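Protein chains: 2
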Amino acid sequence: MTEATLDIVAIGNAIVDVIAQADDAFIESEGLPKGSMRLIDESTAAILYSHMGPGREISGGSAANTVAGMAALGAKCGFIGQVADDQLGEVFAHDIRANGIAFNTPTRAGEPTTARCLILVTPDAQRTMNTFLGASQYLPASALDRDLIASAKILYLEGYLWDPEEPRVAMRAAIEVARAAGRAVAFTLSDAFCISRHRADFRALIDGGLIDILFANEGELLSLVETDDFDAAVATIAAKVPCLVVTRGAAGAIAVVDGASHSVPAEPIAQIVDTTGAGDLFAAGFMAGQVQGRSVDDCLVMGAVAAAEVISHYGARPEAKLDQLVRARLG
Amino acid sequence: MTEATLDIVAIGNAIVDVIAQADDAFIESEGLPKGSMRLIDESTAAILYSHMGPGREISGGSAANTVAGMAALGAKCGFIGQVADDQLGEVFAHDIRANGIAFNTPTRAGEPTTARCLILVTPDAQRTMNTFLGASQYLPASALDRDLIASAKILYLEGYLWDPEEPRVAMRAAIEVARAAGRAVAFTLSDAFCISRHRADFRALIDGGLIDILFANEGELLSLVETDDFDAAVATIAAKVPCLVVTRGAAGAIAVVDGASHSVPAEPIAQIVDTTGAGDLFAAGFMAGQVQGRSVDDCLVMGAVAAAEVISHYGARPEAKLDQLVRARLG
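Written out as structure tokens, the structure reads:
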């Protein structure tokens, strides 16, 4: 096993978020499942876009948000994801590289366009996401940079990638590359609806011992185990992964690492504006702590600090200097 | 003179802002004149973009920001400006229409792309703007919707439009249409460097009695009159326009209307994040007050409230409900 030159390589949907304010009546009139992520086709996206308010475009994508957060915390990161040869693809590629993240997945020519997620943020700071996967769903296994994957301590995957067919195949290939190189595999369950679509696959990955670090929120964990009993769900999954991290919104988060439980309260925050990216940035803080060799408790605090920053403004990428926030909090 | 169906029609550069944080060292290393707007070509834009940090894309354009603010304050607005047939053009068109603003300038096919303004915001909240005018510079006089212009109480023009040749010609045609219909013409001087490029033209418009409402900041007014004496500059220009509004940053703003002077302090604000759009939104608040038939003092307060909102976050379009802020302030 050669020494890792990167801390993490993430594979994820390469998405530009289009974020608009909306009220509950709008969410209802559009028939949207508030707080969730749904997949939409291009024509549905066009119709919803024509109905929604003025937006701001900010690079997103769950795993991409996570590595953006880790890079802001000093980790050496790479990203693999598919954009099209268009202006939003340029925006995504610029932003990820401007974060200091290695990104060299070849651009895909022709239709469809770069993925967009139409995010409606209600006054309660909840986000309802409507994703047109576009080019992102055509990430082929052949586009994987195997050397890049083998060079990173952690391979990080988002559950959302299981929705489109090509990336699902690519993910399995990436896991093989990482494990053959002796690297850790981290996985986020992404969304309760996403789990309902791919529960068998996710369970097989976990049962097969392919996942070293698993991120979930409370609802996702319950959906995965198909139970209402949180403690039972934690016990079931913690027995199968070396590191389980479960975020619980305002109630903070827990981690079970090698059988030992840890918890952290949520960071106090003056005003929650937009919860988009909270889970992504919690994962960023936690794993940034891990690659720095910090204690599990410190990793949890770093997750909480990063999540608190990202929900204090619109957009799922950090705006403040996360490393300074962590230093102020942990020294 | 038929009754106006719109309160205002603005003609301006149709620009999407790309807003990134930057430190003073970056501004210096790129050789940028901090706090100003400079015009750049596409290749310079590409180089600067490759150097700058991750951005967020938010529709901008000076006059477009002003009508977005006025629409948020209940005014009936139209906008005329040139975008290309590309994703950023779609973003601009969507956002302006989503603000309830009439916008029907035909999209321009082919190169160049929709205008972008690369805005670097330093920790002191100053913005340094680098504008690639792209399609915006090709707004032809033939694209003017003369009925739309004639239907609005106010025609609003930005000084920035004097930089490209075609819109400059179009502006003169638009002024003729508005005056023939008995409408008011409002004008913003935009930028001190812009004035240095077009001082003779701007003075000729003012001396010719073609401007009814003139907006400037302190530096622009001094540049226009080529003096260091603020009071003398105000007196010189106020003698030539029925309504002169001069913003003075943290010192508030003044208006001289039909020879009578009025002033307003700046609104208190918890944190200034990004001063982009401060002048645009001051003009929005002031003119929204005017079309509501408010007193000059109330118009100034509305300008100050709108400007304070827009500088409290990134981006030059309002995020909060301006009408509620004004109601809370003025009743």
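These protein sequences, in sequence, are chains A and B.
Counting from 1, position 111 in the first sequence corresponds to residue 111 in this note's numbering; the numbering is continuous, with no gaps.
Counting from 1, position 78 in the second sequence corresponds to residue 409 in this note's numbering; the numbering is continuous, with no gaps.
Quick reminder that beta carbons are idealized off the backbone N, C-alpha and C, glycines included.
Being a predicted model, the structure only gives us computed values, none of them experimental.
query                                                                                                                                                                        : result
Quick one: list the residues of chain B neighbouring Arg317 of chain A, beta-carbon separation under 9 Å, in chain order.                                                    : Pro385 and Arg387
Report the rounded CA-to-CA distance for Ala284 of chain A versus Val67 of chain A, giving the unit in angstroms.                                                            : 6 Å
When the distance is taken between beta carbons, is Ile11 of chain A closer than 8 Å to Met129 of chain A?                                                                   : no
In this structure, how does DSSP classify Glu497 of chain B when only helix, strand and coil are distinguished?                                                              : helix
In chain A, which residues lie with their C-beta within 9 Å of the C-beta of Asn430 of chain B?                                                                              : Gly53 and Pro54
What separation, rounded to the nearest whole angstrom, lies between the Cα atoms of Asp605 of chain B and Asp455 of chain B?                                                : 8 Å
Is Gly69 of chain A closer than 8 Å to Ala306 of chain A when the C-beta atoms are compared?                                                                                 : yes
Along the alpha helix (DSSP H) that carries Thr66 of chain A, what are the first and last residues, could you check?                                                         : Ser62 to Ala72
According to a CB-to-CB cut-off of less than 7 Å, which residues of the region 404-428 of chain B neighbour chain A?                                                         : Asp417, Gln418, Leu419, Val422, His425 and Asp426
Based on DSSP bridge pairs, tell me the residues matched to Leu118 of chain A.                                                                                               : A:Val18 and A:Asn130
DSSP three-state label for Met52 of chain A, please.                                                                                                                         : coil
Report the neighbours of Ser643 of chain B on chain A: residues whose CB is nearer than 7 Å to its CB, in chain order.                                                       : Those do not exist, as Ser643 of chain B stays about 12 Å from chain A at its closest Cβ, beyond 7 Å.
Would a C-beta distance cut-off of 8 Å place Gly405 of chain B and Thr519 of chain B closer than the cut-off?                                                                : no
So, is the C-beta of Ser390 of chain B closer than 8 Å to a C-beta in chain A?                                                                                               : yes
Going by other Cβ atoms of all chains shown within 10 Å of its Cβ, with 16 needed for buried, is Lys76 of chain A buried or exposed?                                         : buried
Take Ile195 of chain A and list the residues in its own chain whose beta-carbon comes closer than 8 Å to its own, dropping the five residues that flank it on each side.     : Gly159, Leu189, Phe202, Glu220, Ser223 and Leu224
Just the chain A side, please: which residues come within less than 8 Å of Tyr380 of chain B by C-beta, in chain order?                                                      : His94
Measure the Cβ-Cβ separation of Leu486 of chain B and Ala511 of chain B and say whether it is below 8 Å.                                                                     : no
Does the Cβ-Cβ distance between Val576 of chain B and Ala584 of chain B come in under 8 Å?                                                                                   : yes
Reducing DSSP to helix, strand and coil, say where Asp476 of chain B ends up.                                                                                                : coil
Given that a residue counts as buried once 16 or more other Cβ atoms are within 10 Å of its Cβ, and exposed if not, what is Pro437 of chain B?                               : exposed
Looking at the secondary structure, which residues open and close the beta strand (DSSP E) in which Ile544 of chain B lies?                                                  : Ile544 to Asn548
Could you give the first and the last residue of the continuous alpha helix (DSSP H) run that contains Val641 of chain B?                                                    : Val627 to Val641
Give a yes or no on whether the C-beta atoms belonging to Gln82 of chain A and Arg108 of chain A are separated by under 8 Å.                                                 : yes
Count the C-beta pairs between the region 541-549 of chain B and the region 384-396 of chain B that are closer than 8 Å, then say yes if the count reaches three, no if not. : no
If you draw a straight line from the C-alpha of Thr113 of chain A to the C-alpha of Pro318 of chain A, how long is it?                                                       : 25 Å
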